[in-house]
Amino acid sequence: MRRLKHNFKKGMAFVLSLAMVAGLVPAMSGGANTVQAATGSGTEPSVTAYATKTQLMGDTFKPDANGTATTKGKLVFGKNSSGNPQEWYILGKDDGVSEDNTIIFAANPIATGQKFNSSTSNKSFASSFGVYASNPSEVYPNHYGASDLRVALQRMATNTNYFTTAEQGLMNATTVTTKDTKNSSVTYTTTDKLYALQGDYDNNQYLWAGTDDSTVLAMSSYWRNGEWFWLRSPDDYGGIYALFADQGDYVSSGDVRGGIAVQPTSNLDLSSVLFASAATAASSDTKSEKITDSAAMTLRLDGTGKDIGTVTYNTTTGDIKVVKGTTSQTVALVVQGNDGTNDWYYSKQITGTETINASDIKSALSLTSDIDLSACKIWLETTDSTSNLTYAVNATDIISITSVAITDIDIPVSNTALDTEASCTTEGVKSTTPQITWTPSDTTAGYNTRYTASITLTAATGYEFADNVTATVSGNTATSVTKNAADDTLTVTKEFTTDKRKIESVATPTVPENNTFTAYYGYDGYDTTPISGTNTELGKTATVTFEGTTSPTTEDMAVTWTIESDGGVYDKTPEAENIFRWTIPESALTNYNAANCQGYDTSTGNITGTITVKNKAATPVAITGTDSSITYTGETVDVSQYFSIDNNAGAATYTLVTGTNGGTGKGTLSGTTLTVTQTGTFKIKVSTVANGIFAAGEKTVTLTVDNGTILYTATDYSTTYDGQPHSISVSVTNPEGAAVTYSTDGITYGSDNPSFSNEGTYTVYYRITKDNYTTVEGSKTVTINKKPVTITAQEQDIVWGKDINQSLYTVSEDGLITGDSIKEITLTPSTTDRTENGTISVSGVKIENAAGVDVTANYDITMANGNLKITHNTALAPERIEASKTKTTYTAGDTLNVDDLAVTVYYADGYSEPVQDYTTNVFAIDMSADGDKILTVSYTKNGVTKTKDITIKVNAALASYKIISGADSEWKQNTDRTITIGGNGEFSKFESVKVDGSIIDAKNYIAKEGSTIIILKTDYLKTLSVGTHSFEIVWADGSAVTSFKVSKNTSDNEGSKDNNGNKDNSNDNPNSNPAAVPDDKKTNDSNSGNNTDDSQQITAPQTGDNSHLMLWVTLLAASLAGLLALLSVRMKKDDE
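Those letters in the sequence shown? Residues -37 to -1, 1 to 1099, by mature numbering (1 follows the signal peptide of the UniProt record, and there is no 0).
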């Protein structure tokens, strides 16, 4: 079936392509696509002629699951390619797009003759083609994301010929999903403001719009007739076929190169939209007519902020009041309604302030029934010619205000700024914070003054004040309420009265500093009391502070004083306290309100208060004392010597301060005499009684009685170890009866003085104590030095392998004390090998006393070495022998001699000696034949025989070689000649050349066959001295010897000799034909034939083959060329 479809498609594609290229296929006949009008309810407009934003987004126009809608509405938005307004079906909100929105689908072509793609070639993928989970490498020509159709839609969406910039701003981008038939039918998404609808070849009755194809459109409902238009869906069958909508009721497929119509889908942002209406605003004067069922609506955007103006209406009077704003654009009033059968509208251009009555509209439309404004839609609008958008403000109904409430007026308070602003939150009152006008026109309230507040209110748009309106001010009935007919404002008044000025506080009259008098009142030379006579220490006035900031803010008022304490009797005792009362009389407060002032007496009307003042303190007496310190001597102490007392002071008494504030010492005080029973600190206080205006006094001093000092001597002890006990000595001279104790650790003390007898330094701690004396603590040392002693090992002479005698040593005279002796000692030889100057060392010495106690540590032991000799042990047998021979190489037939043998014998003690009494196997060796021979040397001593083998090399007899050319040659200095010498040995056995007995470096000569030819180079010959030099050619089995001579050059003409420096013109070589020198090795030097430089000398030997090298090279090249030609012919045949 799909194959038949493919064949059908190929045929149809051909026909369709011809039709598309030739021109648009004419539309099929059929019923017109119309907008279905909803029946009006009463006199309200039909939803197809007037729709709110909610209705635009909701289910009102949205198709159901079958793709049909009960009500279909249309909008005018943008222009088509012909410049005419473009109409769109309203499809409701797309939940995949944020904010308020609606889907719109072009009700007719926005453009025609558009190809899906101009090429049938595949396209390499680009990111602009869409968003994939995994990007493909290539797509078909029917790929929507890569299509010319999509590019055209993108250009329309940004082209102001189609949509103004403002209209473009209202278009939301929508993300849709499309199938990619080349890449396993995976899906991808594209996001655009204009996009093609989705179709399905196998479900061809429907189209899909919106995110996730959420909105279904039935072809029979939305596309009964019209032109073919492209869908975004590819045909599954072929990469060059895409789906399009066929007029009527099915989806078809066509070649992507066909040019047909474009009817896209978009999404509008309704965030700023108020409603949509099919009414048309008057461009001049008035306009009114009925609205047809097929009329499309135009969006009205919120005109707030555009200053279009205001419009109100009164349903009772039928008046519509319009006030044009400051906008420069044309403003029109629009009233839209329904007469029960037809929708109608009335519009009037507004230039200022106008009132239109409902009867005027009825007359203009020739209606038979009155118009109910409450059922009509009324608004002001203006259309921006640049943005092609219409902005509107809705009308408001007029409401009467019957009462108002004014709040937040501060009641006038004396000396406080009068409130300038009130509050009014009554619905319909425009003035929420009205200004207050005061009479009299003060800014700050005075005292005890009547003020009238006046507030004027303005009604908000849609409201007016009723003729019998009432008002309250801060919850109280207003004094007056006046409606101003001239401007429809309302004036409300309210009266207030301020209070007397208050006294807020009073400052106490001045009193002496620190509430203490400075004079001794009642005593001779002073006033009797502080309130009598001319005394000024108590103030004569008190300062009151008034409320507010009006000057003056304070006033000093006169006060009277009375004595309040002790029945009005003044106590003159120094430092005694008396209570005094001060009073401001009522007569001074007549013009003020002092009720809230501190100290106000409601029973008398006075302001009064009390104050306590202390009398001047008694004059202190001077008692001084000095803290002192003395040392305890056992005598009593007179403490009065530590004080000085004023003569005005009363009787003095001395006491010891005890308890927590007392001293640390103990004793008794009788009068002024102190008896100390325990040293420490003593707090001694002297007290004097009061005497008239002189105060009692006291003074305390600290007397420190320190401990007495103990006099003593302590002595160290030092000696050398003698085995006897020794101690330190301590002697006390004062005081008597002091106790001395001893310790070895400074912690535990006892009366015994420790003693020590062994070597070491010992610290002995001592402590001397006595009550009331400072304890003495110290330490001395007993030092017992080590006794020096020298122990010397005696000299010993032993043979190798024997032990030394451990008892051979001596102790220095007076080394050990009586009773001590050496119990352990170790003598150690420095070596066990033979030696003439070895030593014996002393170690491991242990000394004990008569009781068996180790006393080694008491000695400073010096250990002296003794001499040691260890001699060879002649009883030893030899361990090995070593033998060497001067000559070890011989020629077959030579006699083997042994007179050049050297034999050495070695023993276990390291001793060795040369010997002559050895034996050999010399007579058993065959010297007539060549090869390696073994010469065995033997030596016997003390029953043991040792041998040593020596390898003797016997060479075969040498061959006899001779010089066959160049013998006794001569070379003259300062020439470039060489010397050529030949020998008859085989060249394969040639090894080296010797000159003057030494082998010379091979770089100094050229060796070649024939039989062996040696050419000494010029540079080498130049290094030789004048004279005769020996010359030897060495072969593996022999040599040939001659000589040559180096002489000074006495003449420049040496033509008598050949170029080789030989004596004749021949080089004496039967195979002496020279090898040709290549041209690139030749030089222009006339003597180049004799030059032996490596780059010119031909060293290759002649083989007897005279064939030309270049000939062979040429033949080889020709052969290769022929081979290549043959291969070429073969390859051509293979190709054929």
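Every residue, glycine too, gets a C-beta built ideally from N, C-alpha and C.
| Check | Outcome |
| --- | --- |
| Under three-state DSSP, which class holds residue 442? | coil |
| So which of 493, 943, 173 has the shortest CA-CA distance to residue 927? | 943 |
| Can you have a look at residue 594 and say buried or exposed, based on whether 16 or more other CB atoms are within 10 angstroms of its CB? | exposed |
| Label residue 515 either buried or exposed according to how many other C-beta atoms from any shown protein chain fall within 10 Å of its C-beta, with 16 as the threshold for buried. | exposed |
| Name the residue from 648, 87, 682 whose alpha carbon lies nearest to the alpha carbon of residue 624. | 648 |
| So, using beta-carbon positions, are residue 396 and residue 386 closer together than 8 Å? | yes |
| Measure the C-alpha to C-alpha separation of residue 204 and residue 86 and round it to an integer number of angstroms. | 15 Å |
| Please report the distance separating the alpha-carbon of residue 641 from that of residue 707. | 31 Å |
| Do residue 626 and residue 1102 count as a contact pair if the criterion is CB distance below 8 Å? | In the structure displayed, the chain extends from -37 to 1099; residue 1102 sits before or after that span and is not available. |
| Assign residue 991 to one of two classes, buried (16 or more other C-beta atoms within 10 Å of its C-beta) or exposed (fewer than that). | exposed |
| Within the same chain, show all residues whose beta-carbon is closer than 8 Å to that of residue 807, passing over the 5 residues directly before and after it, in chain order. | 787, 788, 789 |
| Quick one: measure Cβ to Cβ for residue 196 and residue 163, integer angstroms, because I've assumed they're closer than 8 Å. | 7 Å |
| Applying the criterion that 16 or more other CB atoms from any shown protein chain within 10 Å of the CB defines a buried residue, is residue 687 buried or exposed? | exposed |
| Which two residues bound the contiguous beta strand (DSSP E) that contains residue 607? | 606 to 608 |
| Round the Cβ separation of residue 420 and residue 394 to the nearest angstrom and send it over; I've been treating them as touching at under 8 Å. | 5 Å |
| Starting from the N-terminal side, write out each stretch of the beta strand (DSSP E) that is 3 residues or longer and does not extend beyond the stretch 919 to 971. | 926 to 928, 932 to 935, 942 to 946, 953 to 958 |
| For the beta strand (DSSP E) that contains residue 977, what are its first and last residues? | 975 to 979 |
| Identify, in the order they occur along the chain, each residue of the same chain with its Cβ nearer than 8 Å to the Cβ of residue 634, setting aside the five sequence neighbours on each side. | 617 |
| Check whether the stretch 329 to 349 touches the stretch 285 to 302, counting contact only when three or more Cβ pairs, one atom from each stretch, lie closer than 8 Å. | yes |
| Return the CA-CA distance between residue 441 and residue 281, expressed in angstroms with no decimal places. | 34 Å |
| Under the three-state reduction of DSSP, which class applies to residue 890: helix, strand or coil? | coil |
| How about residue 138 and residue 178: do their beta carbons lie closer than 8 Å? | no |
| Hey, residue 805 and residue 772: beta-carbon distance below 8 Å or not? | yes |
| I'd like to know if the stretch 291 to 298 and the stretch 308 to 325 are in contact, where contact means that at least 3 CB-CB pairs between them fall below 8 Å. | yes |
| Quick one: grab the DSSP three-state call for residue 321. | helix |
| When DSSP labels each residue in this structure, what does residue 113 get in the three-state scheme? | helix |
| In the structure shown, what three-state DSSP assignment does residue 861 receive? | coil |
| Look at residue 180 and residue 55 and say whether their C-beta atoms are less than 8 Å apart. | no |
| Return helix, strand or coil for residue 730, following the three-state DSSP convention. | strand |
| Just to confirm, are residue 480 and residue 493 a CB contact at a threshold of 8 Å? | yes |
| Taking C-beta to C-beta, are residue 53 and residue 19 nearer than 8 Å? | yes |
| Can you determine whether any heavy atom of the ligand NAP sits closer than 7 Å to the C-beta of residue 501, and answer yes or no? | This structure simply doesn't include the ligand NAP, nor any ligand for that matter. |
| Under 8 Å, do residue 690 and residue 721 count as touching if we go by C-beta distance? | no |
| Leaving out five residues on either side along the sequence, give the residues of the same chain with a beta carbon under 7 Å from the beta carbon of residue 520. | 504, 505, 507, 547, 551 |
| Whole angstroms is fine: what's the gap from residue 543's alpha carbon to residue 612's? | 33 Å |
| Can you round the beta-carbon distance between residue 48 and residue 60 to whole angstroms, since I take them to be within the 8 Å contact cut? | The pair is not a contact, with the Cβ atoms about 24 Å apart (cut-off 8 Å). |
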